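Numbers in the numbering used here are just positions in the sequence shown, counted from 1, shifted up by 14.
Every residue, glycine too, gets a C-beta built ideally from N, C-alpha and C.
None of the values given here were measured: they were computed from a predicted structure.
Accompanying notes for the structure given below.
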Amino acid sequence: MQFNELNLSKEILLATEELGFSETTEIQQESIPLLMEGRDVVGRSNTGTGKTAAFGIPAVESINDENKRAVTVLILCPTRELAMQACEEIKKFAKYKKIVKTSAVYGGASMERQIMELKRGANIVIGTPGRVMDHIRRRTLKLDRLKTVILDEADEMLNMGFREDIESILSDVPEERQTVLFSATMPPEILAITEKYQHDPVNVKIKSSQKTVELIDQYYFMCAMGRKTDALKLLLAAYSPESAMVFCNTKKMVDELTEELAKSGIQAAGLHGDMKQAQRTQVMNSFKAKITSVLVATDVAARGIDVSGIDAVFNYDLPQDNEYYIHRIGRTGRAGRAGTAYTLITSRRQQYDLKDIARYTKAKITELPLPDKQDIINIKKDALIREITEMPKASSDIYDILDRLAENGIDYREAAARLVNSRLEKEIAALPEFDMPKPLKKGHKKGAKTVKIDLSIGRSKKIAPNFILGALVDATGMSGQDFGKIDIYDNHTTVEVPEAEYDYIIDSTNPMKINGHKVDVKLYKGDSSEKPRRRNDGHNFGAKKGKPDRRKAAYGNRKKTDIFGDYIPDRKKRTKKRH
Ligand code: ADP
Ligand code: MG
Numbered sequence: 015m016q017f018n019e020l021n022l023s024k025e026i027l028l029a030t031e032e033l034g035f036s037e038t039t040e041i042q043q044e045s046i047p048l049l050m051e052g053r054d055v056v057g058r059s060n061t062g063t064g065k066t067a068a069f070g071i072p073a074v075e076s077i078n079d080e081n082k083r084a085v086t087v088l089i090l091c092p093t094r095e096l097a098m099q100a101c102e103e104i105k106k107f108a109k110y111k112k113i114v115k116t117s118a119v120y121g122g123a124s125m126e127r128q129i130m131e132l133k134r135g136a137n138i139v140i141g142t143p144g145r146v147m148d149h150i151r152r153r154t155l156k157l158d159r160l161k162t163v164i165l166d167e168a169d170e171m172l173n174m175g176f177r178e179d180i181e182s183i184l185s186d187v188p189e190e191r192q193t194v195l196f197s198a199t200m201p202p203e204i205l206a207i208t209e210k211y212q213h214d215p216v217n218v219k220i221k222s223s224q225k226t227v228e229l230i231d232q233y234y235f236m237c238a239m240g241r242k243t244d245a246l247k248l249l250l251a252a253y254s255p256e257s258a259m260v261f262c263n264t265k266k267m268v269d270e271l272t273e274e275l276a277k278s279g280i281q282a283a284g285l286h287g288d289m290k291q292a293q294r295t296q297v298m299n300s301f302k303a304k305i306t307s308v309l310v311a312t313d314v315a316a317r318g319i320d321v322s323g324i325d326a327v328f329n330y331d332l333p334q335d336n337e338y339y340i341h342r343i344g345r346t347g348r349a350g351r352a353g354t355a356y357t358l359i360t361s362r363r364q365q366y367d368l369k370d371i372a373r374y375t376k377a378k379i380t381e382l383p384l385p386d387k388q389d390i391i392n393i394k395k396d397a398l399i400r401e402i403t404e405m406p407k408a409s410s411d412i413y414d415i416l417d418r419l420a421e422n423g424i425d426y427r428e429a430a431a432r433l434v435n436s437r438l439e440k441e442i443a444a445l446p447e448f449d450m451p452k453p454l455k456k457g458h459k460k461g462a463k464t465v466k467i468d469l470s471i472g473r474s475k476k477i478a479p480n481f482i483l484g485a486l487v488d489a490t491g492m493s494g495q496d497f498g499k500i501d502i503y504d505n506h507t508t509v510e511v512p513e514a515e516y517d518y519i520i521d522s523t524n525p526m527k528i529n530g531h532k533v534d535v536k537l538y539k540g541d542s543s544e545k546p547r548r549r550n551d552g553h554n555f556g557a558k559k560g561k562p563d564r565r566k567a568a569y570g571n572r573k574k575t576d577i578f579g580d581y582i583p584d585r586k587k588r589t590k591k592r593h
């Protein structure tokens, strides 16, 4: 549907046209007429589907000469960023409707400035619940003539502990008002609010909002727990996205990872709730301006943030909730553009969790091998070929230089080779130093050389061989048959492992937890006086059939390129090769 079919004012149509909106999104098509009729609405639609306009346009339309001097619309958002963002977007819709005066009120910013703005006669107020409460208490925000209250990202506001503030605000405003609620999920707490404060609400649920996710290519990589940061650096080097978001589950991880990336010369910045407002604004601005190419964030800090042109989303930590996965990857592929999402997986368990996410989102999440240094060099070579192919033709005085070089015995071919070589060398020097250790694909034959590893947990912790084996399989992704004899002592355990896998196993298992105990894993030096309490000879090295090399399929001889100008694995070819 077109915006001009929606019975909107000339002023709004002009503004949406300038913003490049012609077709409405589904949530807009359904909600705008209902909201303009004055109905209470519960809206559910995924991130990036244009909810701000869905409630913002009716909000702007509701301001008229009679109510322009009072706060008529109050919009509550979970974070300062979202309040600022919604305010900016609504200002754009109101560009040609001069009587609309918006004001954003949120914590961490000057109270005085906000009071001034409110005094100047704001009629649409957008704010976070805490600060809105502050202003109500100080009587700097009067809601006695309020017509509409809108809760944006209601579930997130509850998650952040704003329930009391929200209820207090909702019971404070006039009875005869319109109550509108948007939420990605509908937990019982939201239903309770709906029941208590809404009047005969219409449910608007957009089913096909999965669409945004369908446009996003989704991949995952298996990597050892202790090598996640290295894996991320490799991926960033391989894809060199102009703009990427990396998600972590904790604020601490955001800080640590940001620092690690910065140390490797990657333009990264962190964003989480503990940071000062000024700092957060600065981080967002530099990310929007593409000065910072990698934004590392927690789910809450990034909720609803709308930055266009994000090429890729990386799930450094697997999200704790299926909905979070959709929200995270919805940062890329916005407004119908293609995007890519990558997830790091460190154990079998996580692999199952990801399968669950894929089922839930009805998405296809394909496993790819991590690129190694040679893969990345190949990618850089391909990129250089493309770059030179697209360069403008050189002018004739440049050929003079080549002629003079030729006189010195350096012919055209040699001259070009030297230039290309110096460029590649520079790029390769900037690559991370490491290669990911990989488990041998071939399986371990009987009689292959073995060593013993030593785990700092033993019988005193009521540990059984199957716990040890399960934990090792989980951490390494190797098969149970790859591990040999397990001897459990009072305070430690030894396990026979293939020597060729020793480095890989140490990398994958530090840190490791078994039954809630932190376990160190190192080389077993041996102590002949010690007798194991328990033996397990059940696991021998079994020979496995070799698998086809997927690395080659994914990174070798690529022709297709993706939005970074890098590779897209040829899926058909890959499947064929697998057989
Ligand atoms: P949500 O709140 O659902 O996550 P937003 O309101 O932040 O989504 O909108 C996401 C992006 O899509 C914004 O950049 C917005 O300007 C843009 N957008 C919204 N509606 C339309 C439309 N009808 N046509 C084109 N772009 C739109
Ligand atoms: Mg939003």
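The beta carbon of T66 sits closer than 7 Å to at least one heavy atom of the ligand ADP. Here the C-alpha atom of P383 lies approximately 22 Å from the C-alpha atom of T346.
Shown here, A84 sits in coil according to DSSP, grouped into three states, outside any helix or strand. Note that the region 186-202 touches the region 37-56; at least 3 beta-carbon pairs, one per stretch, sit closer than 8 Å. Across the set T142, K112, N137, the C-alpha of T142 shows the shortest separation from the C-alpha of M174. A distance criterion of 7 Å places the beta-carbon of S197 beyond contact range of the ligand ADP, judged by its closest non-hydrogen atom.
Checking the 7 Å criterion, the Cβ of E167 is within range of a heavy atom belonging to the ligand MG. Assigned with DSSP and collapsed to three states, D231 falls in strand. According to DSSP, H531 shares a beta bridge with I528. Judged by DSSP secondary structure, N435 falls outside any beta strand (DSSP E) and instead within the alpha helix (DSSP H) spanning 426-443. The three-state secondary structure of N299, taken from DSSP, is helix.
In this chain, G498 is not harboured by any alpha helix (DSSP H), its DSSP state being neither H nor E. With fewer than 16 other Cβ atoms inside 10 Å of its own Cβ, H531 counts as exposed. When the alpha-carbon of K156 is set against those of R83, P202, Y538, the nearest one is in R83. With 16 or more other CB atoms across the displayed protein chains lying within 10 angstroms of its CB, L248 is buried.
For A311, the beta-bridge partners assigned by DSSP are F261, L285. A check of alpha carbon separations from C262 across E203, G287, G279 identifies G287 as the nearest. The beta carbon of E40 sits closer than 6 Å to those of I220, all from its chain and outside the five residues before and after it, given in chain order. R127 sits exposed, since fewer than 16 C-beta atoms from the chains shown fall within 10 Å of its C-beta. Considering only K395, E75, N505, I129, the residue with the shortest C-alpha distance to D148 is I129.
Take the alpha-carbon of A462 and the one of S361: they are about 25 Å apart.
Apart from sequence neighbours up to five positions away, the residues of its chain that approach Q42 with a beta-carbon distance below 7 Å are G64, A67, A68, ordered along the chain. Residue pairing of N217 in beta bridges, as defined by DSSP: V56.
By the criterion of a C-beta distance shorter than 6 Å, C101 is surrounded in its chain by T116, A118, I140, once the five residues flanking it on both sides are discounted. Looking at the DSSP output, N329 bridges to F261, T357.
Check the Cα spacing between T306 and each of E273, E256, P333: the tightest is with E256.
For S45, the CB stays at least 7 Å from every heavy atom of the ligand ADP. Per the coordinates, the alpha-carbon of N21 lies some 14 Å from the alpha-carbon of S36.
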